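J.: Take the sequence shown: its position 351, counted from the start at 1, is 632 in the working numbering, and no numbers get skipped. The C-beta atom is built at its ideal place from N, Cα and C for all residues, glycine as well. What you are looking at is a predicted structure, and each value in this text was computed from that prediction instead of being measured. Attaching a single structure in structure tokens format; questions to follow.
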Amino acid sequence: VVDGEQDDLQGVPTLEEIQRHPMDDLLRGERLPHIWCQGCGIGTAVSCFISALLRSGLDLDKVAVVSGIGCTGRVAGYIRLDSFHTTHGRAIPFATGLKLANPELKVVVFSGDGDLVAIGGNHFIHAARRNMDLTVICVNNFNYGMTGGQMGPTTPTKARTSTSRQGNLEHPFNVPYLAAAGGATYVARWTVLHARRLERSIHKALLKPGFTVVEAISPCPTLYGRWNRKAYGSDMFEYYRQKSVIRHNAQPWEVDIDLAGEIICGEFVDIERPTFQDMYQKLHPDVHPSEDLGLLQRPPTELDAGFEVARLPTLDTERDVTQVEVGSLQTSAVSEAKHTEIRLCGFGGQGIILAGLITGRAAALHDHLETTLTQSYGPESRGGACSAAVVISDGAILYPYVTRPNLIAAMYQEAYTTYHGQLAEGGLLLVDADLVHPDPDAGQCVVRIPATRIAEEELGRTQVANVVMLGAIAAMSDVISAEALRRSVLESVPKGTEELNAAAFDRGYEYARQQKSE
């Protein structure tokens, strides 16, 4: 700063301040970027909640956020508050226990329609009936967005999903009516297009005693939107703009949603009635639940002397051996093993789970080997680590899980970092050459296959990168025959794409054979 200019710069934000997210104080930056798809509205709902919370004046040390399972379920992990990521459909029971144990807390349930009013529907209506002092934010995207876009109980009539391809025949739940009929003290609905109004309703809900519900209708362009010809977030927002009608104090039973009709938004219920906590204190004025928390501390149960504790083998992740060059590649640990473990790993959207299914089918149906397949993936439809683990044996498989894979194919850096330490000694590690940078000090046999580059530049479709990698696996390993794996690919891919996927498999096979011979 030049002398004399310091005073002129007072009050001007620094570059660091300009680059900070406006909600940074309550976001866990180490967990960002988030995993939600482009055009998803959950981020808008989170911003509205944080803004409302900061305006509320509530003591942030006494605010707890509880979420369930699903796309919206990730909210608890992104917000820098005491937060609880619970089991599917059970966010409200966890929140109820939290509130009963410590009545001074402001407990917020932040989850999706599938978690709250489908699998958790019974908990929802009974918490409303009791008037439990909870604030519930229900992000409704009209389908099970986490698991593939299946029809749910809030899917509008005639809307198409992956499990109602001719249109939903059923009448959906009306979330505001469900809450109001149960006895909620405050009920509102907005789309995320109405961000300012949504923020104001959340602010009211946070400060209102009793069971308060705010429904935030949010786009799911990846699944619901695609099935209903609204594949971009902007398409969904235009739909909200055209169909949304603000009608405060409308009767809750009049605000049903169907595909062609209006989306009635507004504040529908704002009443006063005693909360469960009020009634409890009136009946038991001398009892304070937080004083009884010691009852939760139970002594450990002793094991019966006739039993032993089973222990899984410890994974050695710090072996100090030299890096093996591709030119001196040894695949004996893969080729000669009668019991082989394979782990395919990457991120959601790369077809990792499909690749595992293809591998298992090839071994079981065409090579007539014993096979098990286990899958691991997060709640997001795109992004997020995922893994397919295949066990192949010429005899009975007594333990179905992969613990020391003989072969790992990693197509994403995070997946490599997570799993490469599990590789069995002498095992083979295939990585996507452009997406994974192996640790040179790990001392593992690494083969770099530019699967994504081949799929994009030579075949014109990045979606077949997983099949390119399967071709490379067939070339590098004798556990599954190349013919069986190729047949399994053609039997498993969507109709009309067989020729493309066959070319992808053959190109991956050819590239890996060339690498092996050099």
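(1) Between the beta-carbon of residue 793 and the beta-carbon of residue 730, is there less than 8 Å?
(2) Quick one: any contact between the segment 747 to 766 and the segment 624 to 635, if contact means 3 or more CB pairs under 8 Å?
(3) Counting C-beta neighbours from all protein chains within 10 Å, is the total for residue 542 16 or more, i.e. buried, or is it exposed?
(4) May I have the straight-line CA-CA distance separating residue 762 from residue 650, to the nearest angstrom?
(5) Classify residue 725 as buried or exposed, calling it buried when 16 or more other Cβ atoms lie within 10 Å of its own Cβ.
(6) Relative to the alpha-carbon of residue 447, which residue among 437, 456, 455, 454 has its alpha-carbon at the smallest distance?
(7) Output needed for residue 654: all residues of its chain with C-beta closer than 6 Å, excluding positions within five of it in sequence on either side, in chain order.
(8) Within a Cβ cutoff of 6 Å, which residues of the same chain sit near residue 779, ignoring the five residues on either side of it in sequence?
(9) Please identify the residue among 315, 392, 766, 489 whose C-alpha is closest to the C-alpha of residue 367.
(10) What residue from 689, 769, 693 has the CA that sits closest to residue 644's CA?
(11) Of all the options 396, 384, 395, 509, which has the alpha carbon lying nearest to the alpha carbon of residue 445?
(12) Got a sec? Which residues, its chain only, sit under 7 Å from residue 791 by beta carbon, not counting five neighbours each side?
(13) Check residue 784 in the structure and name its three-state DSSP category.
(14) Tell me which same chain residues have a C-beta within less than 7 Å of the C-beta of residue 388, skipping the five on either side of it?
(15) Taking just the CA atoms, how far does residue 782 sit from residue 452?
(16) Can you name, in chain order, every residue of its own chain whose Cβ lies under 6 Å from the Cβ of residue 646, other than the five neighbours on each side?
(17) I'd like to know if residue 676 contacts chain C, where contact means its C-beta is closer than 8 Å to some C-beta of that chain.
(18) What do you reckon, are the CB atoms on residue 536 and residue 470 nearer than 8 Å?
(19) Please state whether DSSP places residue 474 in a helix, a strand or coil.
(20) My assumption, with CB atoms under 8 Å, is that residue 740 sits in contact with residue 690. Please give the rounded CB distance.
(21) Do you know whose CA, among 361, 796, 351, lies nearest residue 305's CA?
(22) What are the start and end residues of the beta strand (DSSP E) that includes residue 563?
(23) Skipping 5 residues on each side, what residues in its chain have a beta carbon closer than 7 Å to that of residue 716?
(24) Tell me, which residues are paired with residue 626 by DSSP?
(25) Find out if the Cβ-Cβ distance for the pair residue 753, residue 789 is shorter than 8 Å.
(26) Run through the segment 371 to 434 for me and flag every whole alpha helix (DSSP H) of 4 or more residues, listed as ranges in chain order.
(27) Which value, in whole angstroms, describes the spacing of the CA atoms of residue 515 and residue 314?
(28) Cα-Cα, which of 758, 430, 627 is closest to residue 619?
(29) Do you know offhand how far residue 426's Cα is from residue 351's?
(30) With a cut-off of 8 Å on the beta carbons, I'd call residue 373 and residue 499 a contact; round off their distance for me.
(31) In this structure, does DSSP put residue 366 in helix, strand or coil?
(32) Tell me whether the beta-carbon of residue 468 lies closer than 8 Å to the beta-carbon of residue 518.
(33) Looking only at its own chain, which residues have a Cβ that is under 7 Å from the Cβ of residue 528, when we skip the five neighbours before and after it?
(34) Give, in chain order, every unbroken run of the beta strand (DSSP E) that is at least 3 residues long and sits entirely within the segment 712 to 744.
(35) Cutting at 7 Å between CB atoms, please list the residues of its own chain near residue 369, excluding the five before and the five after it.
T.: Taking the structure as given:
(1) It is a contact, given that the beta carbons lie within the stated cut-off.
(2) Taking a cut-off of 8 Å on C-beta distances, the segment 747 to 766 touches the segment 624 to 635, as three or more cross pairs fall below it.
(3) Taking a 10 Å sphere around the C-beta of residue 542, we find fewer than 16 other C-beta atoms and assign the residue as exposed.
(4) The straight-line gap separating the alpha-carbon atoms of residue 762 and residue 650 is approximately 11 Å.
(5) Here residue 725 is buried: its Cβ has 16 or more other Cβ atoms, across all protein chains shown, within 10 Å.
(6) For residue 447, the closest alpha carbon among the candidates 437, 456, 455, 454 is that of 437.
(7) Excluding sequence neighbours, residue 654 sits near 637, 641, 671.
(8) Correct list, in chain order: 771.
(9) Among 315, 392, 766, 489, the Cα nearest to that of residue 367 belongs to 392.
(10) When only C-alpha atoms are compared, the closest one is 769.
(11) When only C-alpha atoms are compared, the closest one is 509.
(12) Nothing listed; no residue qualifies.
(13) Per DSSP, reduced to three states, the secondary structure at residue 784 is helical.
(14) Excluding sequence neighbours, residue 388 sits near 345, 347, 376, 379, 380, 415.
(15) Whole-angstrom Cα-Cα distance: 40 Å.
(16) Answer for residue 646: no residue qualifies.
(17) The structure shown contains no chain C; it is built from a single protein chain.
(18) In this structure, residue 536 places its C-beta atom within 8 Å of the C-beta atom of residue 470.
(19) Annotated three-state conformation of residue 474 is coil, per DSSP.
(20) Rounded to whole angstroms, the Cβ separation of residue 740 and residue 690 is 18 Å, and the two are not in contact under 8 Å.
(21) Closest by alpha carbon: 361.
(22) DSSP places residue 563 in no beta strand (DSSP E) but in the uninterrupted alpha helix (DSSP H) bounded by 557 to 564.
(23) For residue 716, where only same-chain residues beyond five positions count, the Cβ hits under 7 Å are 692, 693, 694, 733.
(24) Residue pairing by DSSP puts residue 626 in a beta bridge opposite 668, 691.
(25) In this structure, residue 789 lies closer than 8 Å to residue 753 by Cβ.
(26) Here the runs fully enclosed are 372 to 382, 402 to 411.
(27) Approximately 21 Å, taken between the alpha carbons.
(28) Checking every option, the nearest Cα to that of residue 619 belongs to 758.
(29) So the two alpha carbons sit approximately 7 Å from each other.
(30) At roughly 20 Å, the Cβ-Cβ gap does not stay under 8 Å, so residue 373 and residue 499 are not in contact.
(31) Strand, per DSSP.
(32) Result no, Cβ atoms of residue 468 and residue 518 do not sit closer than 8 Å.
(33) For residue 528, where only same-chain residues beyond five positions count, the Cβ hits under 7 Å are 545, 547.
(34) Here the runs fully enclosed are 726 to 730.
(35) Sequence-distant Cβ neighbours of residue 369 in its own chain, meaning closer than 7 Å and more than five residues away, are 349, 350, 396, 400.
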